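Numbering (UniProt numbering), first residue to last: 1 to 548. Quick reminder that beta carbons are idealized off the backbone N, C-alpha and C, glycines included. From a predicted model like this one, the values you see are computed outputs, not experimental measurements. Report on the structure given below.
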């Protein structure tokens, strides 16, 4: 086993929940957390697969880099015996995940499944940053003493005799000092636009300034450029461990920068790191962590019991998944407007769901918002979920400038089975896309559409089931500019009623009769045979789906 930057006397740790938040984007999936998410991680270690034992100590996060899948089972058990808090493993299949999850639950150790594309050094860096920050915060909670970032900027300005701005890693201005001194063009544009002007940013990149700022705790000096209207500057990177968080800049004003400017910047960078992490954590910790838990549960990646323990739900009681989507009132609505409306919808759903059940979870996946309703009454789980859903839709009509459609999955007996409820809810919502007037539906409302959709999916995935005769009909239409396939589908959907089908297509009945007869000649399909008609109908529906 190899320790990664370990301080053997350090005892301060970070709760597993906090570490998972600090990791940020989904690099890992929580496969099991039998002791909950408050277990403390005090260190990050890399395991040697050749060692028979000693895979971790109390409070360690063990990174199993040398083995993956079921080959790591022995190491998971060893880490559990040694009292490690969590173990991270790359998992190749669902079978491997189940095997490792069982081993972790038996050993009462948290199991994190590392995504295949994730680089170990990135995960280690993020985890190390979280642990290091916990130690710093325990030793000296400097962030509270200096207040928010604007207060920090003002303090640094007083200490350096300069004009200060604090930026994030995308060069967006987070805070700046107030000053009656003369500011240069770069600072003026940065503050007005909340981001530095691109030509100067490009020049800084060319000079290697950002590379040096990201590399570590080095104060970088930038000379004056009168031709660009740029004053002399000093800057330092803000880091949490090896993870860059932003930059502090100080511009020279009427007076030269003070002699202790460099030291002041180094100290300020360390304080800013604590504040940035605290802001990010406090603002998003609870909601984002719960969102990630639900996303993992719906995908079958996260252990249901771990989720139940975290939200205070009974995993043995019925649960329902409800999925919402936005149907814009205007087809021309731009992306920013849609995002704003979706955020409003998510907020509204969260308020109603939380009021109904403290343990309810809400998450957004793609353009859809999913709600998990656990702890439902056994005899009326479906009715309870449907009642809440209708209440939310009514509220959405009053408060949102867009229509909402909702698919309500069937109630499942336990939390372990919510992925089935989610799949059904998705299928219901897919079917509702063809009927924009419907607001709320269950499987009983759209069963026929869902069955047809499932059959079409089977056809789509099996080339040997495709009918080449219908493909030839579409090729004929493309080559000759005819509309035989669409006409045949309208005829079949109208149960052979020529007048109804011709009205749908806005053509004369005789024109439709000719097209249907011609389609039969080209394909050789016997439309008098019920099985042939049904097969042709399904094939044409599949073509319409795939050609959209």
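At the C-beta level, residue 427 and residue 450 come within 7 Å of one another.
Under the DSSP assignment, residue 311 falls in the alpha helix (DSSP H) whose first and last residues are 304–311.
Given a length threshold of 3 residues, each whole run of the beta strand (DSSP E) inside the region 354–433 is given here in chain order: 361–365, 368–373 and 402–408.
The shortest C-alpha to C-alpha distance from residue 350 to any of 290, 30, 16 and 483 is the one to 290. Three or more beta-carbon pairs separated by less than 8 Å are not found between the region 464–481 and the region 492–507, which leaves the two stretches without contact. In the structure shown, residue 116 adopts coil according to DSSP, grouped into three states. Comparing C-alpha distances from residue 441 to each of 408, 464 and 14 shows the shortest one belongs to 408. Annotation for residue 475: the continuous alpha helix (DSSP H) segment containing it runs 468–480. Residue pairing of residue 225 in beta bridges, as defined by DSSP: 230.
In this structure, residue 118 lies near residue 27, with their beta-carbon atoms less than 7 Å apart.
Considered as a whole, the region 70–106 harbours 73–81 as its complete alpha helix (DSSP H) runs of no fewer than 4 residues, in chain order.
In the three-state scheme derived from DSSP, where H, G and I count as helix and E and B as strand, residue 503 is classed as helix. When the beta-carbon positions are compared, residue 87 and residue 109 come within less than 7 Å of each other. Taking every protein chain shown into account, the CB of residue 387 has fewer than 16 other CB atoms within 10 angstroms, so this residue is exposed. Classified as exposed, residue 546 has fewer than 16 neighbouring CB atoms from the shown chains inside 10 Å of its CB. If you draw a 10 Å sphere on the C-beta of residue 207, you find fewer than 16 other C-beta atoms in it, and that means exposed.
Our two residues, residue 202 and residue 419, have alpha carbons roughly 47 Å apart in a direct line. Apart from the 5 residues on each side of it in sequence, residue 412 sits with its Cβ closer than 7 Å to the Cβ of 318, 319, 418, 420 and 421 in its chain, given in chain order. Counting other Cβ atoms within 10 Å of its Cβ, residue 528 stays below 16 and is therefore classed as exposed. Here the C-alpha atom of residue 473 lies approximately 7 Å from the C-alpha atom of residue 519. Under the three-state reduction of DSSP output, residue 352 falls in the helix class.
Ranked by Cα distance from residue 238, the first of 262, 213, 438 and 37 is 213. Going by C-alpha positions, residue 173 is about 39 Å away from residue 33.
The straight-line gap separating the alpha-carbon atoms of residue 432 and residue 438 is approximately 7 Å. The DSSP-derived three-state label of residue 289 is helix.
Using a Cβ-Cβ distance cut-off of 8 Å, the region 445–459 and the region 485–496 are not in contact, since fewer than three pairs of beta carbons, one from each stretch, lie closer than that value.
The C-beta distance from residue 393 to residue 322 rounds to 10 Å, too long to meet the 8 Å contact threshold. The count of Cβ pairs closer than 8 Å, one atom from the region 298–305 and one from the region 344–359, stays below three, leaving the stretches out of contact. Residue 249 has 165 and 235 as its beta-bridge partners, per DSSP. The three-state secondary structure of residue 530, taken from DSSP, is helix. Excluding residues up to 5 positions away in sequence, 152, 156 and 248 lie with their Cβ nearer than 7 Å to the Cβ of residue 268 in the same chain. Excluding sequence positions up to five before and after residue 113, its CB lies within less than 7 Å of the CB of 28, 29, 31, 89, 91, 97 and 301, all in the same chain and listed in chain order. Taking C-alpha positions only, residue 176 is separated from residue 131 by approximately 29 Å.
Excluding residues up to 5 positions away in sequence, 173, 176 and 249 lie with their Cβ nearer than 6 Å to the Cβ of residue 165 in the same chain. Sequence-distant partners of residue 246 (beyond 5 residues in either direction) whose C-beta falls short of 8 Å from its own C-beta, in its chain, are 166, 167, 168, 169, 174, 237, 238, 272 and 276. Relative to the Cα of residue 45, the nearest Cα in the group 458, 120 and 94 belongs to 120.
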